[in-house]
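Heads up: the sequence shown is residues 1329 to 1714, going by the working numbering.
The C-beta atom is built at its ideal place from N, Cα and C for all residues, glycine as well.
Owing to the predicted nature of the structure, the values given are computational and were not obtained by experimental measurement.
Notes to accompany the following structure.
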Amino acid sequence: MDKRVYRNIDLLFVVFTFLLLAASLFILSTASINVDKADPMHYVKAQAIWIASGIVIAIVLAGIDYQKWRHFRWWIYGLNLALLGAVILFGSSAKGATRWIPITSTITIQPSEFAKIFIILTLGDFLAERQGKLNDFKDFIPPFLFVLIPMLLIFKQPDLGTTLVFAAIFIGMMFVAGANPYKFGGLLLGGACIVAVALWLHFATDLPWWLHWAQGLPLPMQDYQLKRLTIFVNPAADTSGDGYHIIQSIWAIGSGGFWGKGYRMGTQGQLNFLPEHHTDFIFSVVGEEFGFIGTVTLLFIFLIFILRSVSIAMKARGTYGMLIGTGIISMFTFHILVNVGMTSGIMPVTGIPLPLISFGGSAMWSNMAAVGLLLSINLRSQRLMF
1329 MDKRVYRNID LLFVVFTFLL LAASLFILST ASINVDKADP MHYVKAQAIW
1379 IASGIVIAIV LAGIDYQKWR HFRWWIYGLN LALLGAVILF GSSAKGATRW
1429 IPITSTITIQ PSEFAKIFII LTLGDFLAER QGKLNDFKDF IPPFLFVLIP
1479 MLLIFKQPDL GTTLVFAAIF IGMMFVAGAN PYKFGGLLLG GACIVAVALW
1529 LHFATDLPWW LHWAQGLPLP MQDYQLKRLT IFVNPAADTS GDGYHIIQSI
1579 WAIGSGGFWG KGYRMGTQGQ LNFLPEHHTD FIFSVVGEEF GFIGTVTLLF
1629 IFLIFILRSV SIAMKARGTY GMLIGTGIIS MFTFHILVNV GMTSGIMPVT
1679 GIPLPLISFG GSAMWSNMAA VGLLLSINLR SQRLMF
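Given below as structure tokens:
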């Protein structure tokens, strides 16, 4: 690649990406200290490896012209389905879910994390070909089916959180691709109303006699999954079960106050009352040990990171680059909002990690691949300067 294109690099985006990666290691050094008693720094060292290899992935993808991925749409889409199908056939299980493919006795990969990147690359090309032709309900069907197949494979694992991320990616990319905002927005609103009514009918105990039959309607989720989606409304109703996570998280964040209890001075996290505090609930550790100042600082870094991503997407050459950028922004934004809302007790517990912060190899590689694609768009967004 011509070295002159590197003059166009968004340095602010790169700097804030590295700030998030550094924050991940720093926060994990306290969040995971008591998770592995044999090696207190195990998760920090493992995360450092994932970050280092993720940076390599980002550099490689940044060096490849993102337009080239259009030529491999169906190959990438097929690989995506094959990996998700392999999870069902050969995947390993943990905590009631089958989401991982074992590589060695100690290393596994989670294809649903990579599926987000694959669907962004392939759906972007699919929608770019249909720009200006998404004006009616029948026009929404092909892209919906395109996304639905991998979504169902992920939902089967079950992985409700990633399924919802797919929905966020799809919605964001559809609007930017030019879907009729009134018809598509109305369709989304109607679907949300149907889901809300179905959940109410399923859980309501004071239905009139003529609606009792509705409580027996089959739903596509098990009761424990539905409970996880609704328990945040009243976590005290199940303090020893699904509500326990939310209550401990709220206590942790609230007890941090303005300045926090101090590095490694938290009680909910350090004494392991707070579950999954090095992955899904890592934001709660930030709130407990670094307080309001710590959480606001981290959210500010995320804000600049997202704003620079938006700037990159808006300057993309052509529709395809703008759609890739939109898909990535939708993915990151949804992850951040849901994770912070989940740990704060204002959103359902869906198991969505905090991007570039939570521990996890597949998630880190997926996130850094997204960063690399944004940089690829950024480097080719302006004319070469002579």
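Inter-stretch contact at 8 angstroms, needing at least 3 Cβ pairs: the segment 1424 to 1441 / the segment 1628 to 1635
no
Check for me: the alpha helix (DSSP H) holding ILE1429 runs from which residue to which?
No alpha helix (DSSP H) contains ILE1429, which is instead part of the beta strand (DSSP E) from 1425 to 1430.
Reducing DSSP to helix, strand and coil, say where SER1421 ends up.
-> strand
If I measure Cβ to Cβ from GLY1413 and keep anything under 8 angstroms in the same chain, skipping five residues before and after, which residues do I get?
LEU1481
**Prompt:** Which class does ILE1379 belong to by DSSP, given the choice of helix, strand or coil?
**Reply:** helix
- Would you be able to state if there are at least three C-beta pairs under 8 angstroms between the segment 1644 to 1664 and the segment 1485 to 1500? yes
Under 8 angstroms Cβ to Cβ from ILE1657, same chain only, skipping five residues before and after it: list those, please.
-> GLY1500, ILE1634, SER1637, VAL1638 and ALA1641
Q | Contact set for THR1725: own chain, Cβ-Cβ below 7 angstroms, skip 5 residues either direction | A | This structure cannot settle anything about residue 1725, because the visible part of the chain is limited to 1329 through 1714.
(Q) According to DSSP, simplified to helix, strand and coil, what is ILE1435? (A) coil
- prompt: Would SER1612 be called buried (16 or more neighbouring beta carbons within 10 Å of its own) or exposed?
  reply: buried
*When the Cα of THR1457 is compared with those of ASP1566, PRO1439 and HIS1399, which residue comes out closest?*
Checking the sequence, you will find Glu at residue 1457 rather than Thr. Among ASP1566, PRO1439 and HIS1399, the Cα nearest to that of GLU1457 belongs to HIS1399.
### Query
Is the distance from the Cβ of ASN1408 to the Cβ of PHE1446 below 9 angstroms?
yes
Extent of the continuous alpha helix (DSSP H) to which ALA1496 belongs = 1488 to 1504
Cβ shell of TRP1693 (< 8 angstroms), same chain only, five flanking positions each side left out:
TRP1378, SER1381, GLY1382, ILE1385, GLU1441 and PHE1442
For HIS1606, which of helix, strand or coil comes out of DSSP? coil
Let me know if PRO1509 comes out buried or exposed under the rule of 16 or more other beta-carbons within 10 Å of its beta-carbon.
exposed
Per-residue DSSP class, three states only, for ASP1453: helix
Exercise. Would you say VAL1699 and THR1432 are within 9 angstroms of each other, going by their C-beta atoms?
Worked result: no
Endpoints, alpha helix (DSSP H) assigned at TRP1693: 1689 to 1707
- Confirm, please, whether the CB-CB distance from ILE1610 to ILE1355 is below 9 angstroms. yes
How is the alpha helix (DSSP H) around TYR1648 delimited, first residue to last? 1647 to 1672
- Query: Which whole-angstrom value describes the C-beta separation of LEU1515 and PHE1468, a residue pair presumed to lie in contact below a C-beta threshold of 8 angstroms?
  - Reply: 7 angstroms
Give the straight-line distance between the Cα atoms of PRO1676 and GLY1619, rounded to the nearest whole angstrom.
23 angstroms
| task | Under 7 angstroms Cβ to Cβ from VAL1666, same chain only, skipping five residues before and after it: list those, please. | result | MET1675, THR1678 and ILE1680
### Message
I need the DSSP call for GLN1395, collapsed to helix, strand or coil.
### Response
helix
So, for MET1696: in the same chain, excluding its five sequence neighbours on each side, which residues have a beta-carbon less than 6 angstroms away from its beta-carbon?
GLY1382, ILE1385 and ALA1386
Note down, in chain order, each residue of its chain lying with its Cβ closer than 8 angstroms to the Cβ of ARG1711, except the 5 sequence neighbours on either side.
At ARG1711, the pLDDT of 48 sits below 50, so the modelled position is not reliable; the number obtained from the coordinates is stated separately. Contacts found: none.
Checklist entry - Alpha carbon to alpha carbon, how far is LEU1702 from THR1654? => result 10 angstroms
### Query
How big is the Cα-Cα spacing for THR1647 and GLY1506?
10 angstroms
| The alpha helix (DSSP H) enclosing LEU1356, as first and last residue numbers | 1339 to 1359
inquiry  = Whole angstroms are fine: how far does the CA of ALA1691 sit from the CA of GLY1419?
reply    = 17 angstroms
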